[in-house]
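The opening position of the sequence shown corresponds to residue -17 in our numbering, with each subsequent residue numbered one higher.
Just so you know, even glycine gets a beta-carbon here, dropped at the ideal spot from N, CA and C.
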Amino acid sequence: MKPHLIILGAPGSGKGTQAAKLISKGFKHVSTGDLLRSEIAKNSELGQKVSGIISRGDLVDDKTVMALLKANCDVDKVSYIFDGFPRNVYQAEMLEAELLKDKKTLAVYFNIDLSILVNRVVNRRTCGTCGEIYNLATKAPRVLDTCDKCGTVGSLKQRKDDTEEVVSNRLKIFKETVEPMLSFYKSRRELVEIDASMPEEVVFDALEKVIS
């Protein structure tokens, strides 16, 4: 069985793209947001609790998120990709203690220079019809403002927060948050760093070597 993966990387590092590719290799992607919405839709006991928390305008607490993960993740049979959780050392310790325990786990950090990240995010465009993602500098559509995947004309949009100022601030906050996480996983000999500035295919090749 392949290791469970904790995916770490700044916005624009490509971690989401790489996580999607790993699904074809037998991994299952875990999104706490999707799990929360699913439990609410099922109207389960946990879902009712979560719905109440959200309706009050409160954030879902760590213990409730962990209960959600434990109820939905069979870590003995499936290799999972945890993307977006844990977000801090406390959550990382909780995930290890209550769910992963002695299971083989790797924290994969997609490391990339700040200037490259800003360029990637500022040039990012997303198809409003099918969700396909492009980059005007590195992965432009074949026809200007037309989605290669679904063919919709005029559908490529830039997110309002994909500006240099917003991105730079977001990355500063991310760096302050991720440093303790990197130290935590490094101390456990579970940290692997991948150069995310390389082309998408090269990054995935490096990722495959890590998990093999």
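Neighbour-count burial assignment, residue i, 16 or more Cβ in a 10 Å radius
i, result
"D16", "exposed"
"E75", "exposed"
"T120", "exposed"
"L126", "exposed"
"I176", "buried"
"G(-9)", "buried"
"E78", "buried"
"D143", "exposed"
"V184", "exposed"
Three-way DSSP call (helix, strand, coil) for residue i in this model
i, result
"I(-12)", "strand"
"D177", "strand"
"N195", "For residue 195 there is no data in the structure shown, the boundaries of the chain being -17 and 194."
"L126", "coil"
"F67", "coil"
"K31", "helix"
"S137", "coil"
"V192", "helix"
"L51", "helix"
"N93", "strand"
"S37", "helix"
Alpha-carbon to alpha-carbon, residue j and residue i
i, j, result
"E146", "N93", "19 Å"
"R69", "V148", "20 Å"
"V42", "R19", "12 Å"
"Y72", "E172", "16 Å"
"T128", "I115", "12 Å"
"R170", "D40", "33 Å"
"S179", "T14", "27 Å"
"T(-1)", "V12", "14 Å"
"L164", "S26", "36 Å"
"D84", "H(-14)", "11 Å"
"G113", "K7", "22 Å"
"L50", "E161", "26 Å"
"A23", "V47", "16 Å"
"F186", "S37", "40 Å"
"D56", "E182", "30 Å"
"Y167", "E190", "20 Å"
Cβ separation of residue i and residue j, assumed to be a contact under 8 Å, to the nearest whole Å
i, j, result
"K(-16)", "I193", "5 Å"
"Y62", "K10", "5 Å"
"G34", "E21", "Going by Cβ atoms, the distance from G34 to E21 rounds to 12 Å, so no, they are not a contact pair."
"K52", "L81", "6 Å"
"I(-11)", "A1", "6 Å"
Counting pairs of beta carbons, one from the segment 99 to 118 and one from the segment -12 to 3, are three or more of them closer than 8 Å?
yes
Using 8 Å as the Cβ pair cut-off and three pairs as the minimum, do the segment 52 to 71 and the segment 103 to 111 touch?
no
How do the segment 129 to 148 and the segment 81 to 90 stand: do at least 3 beta-carbon pairs fall below 8 Å, yes or no?
no
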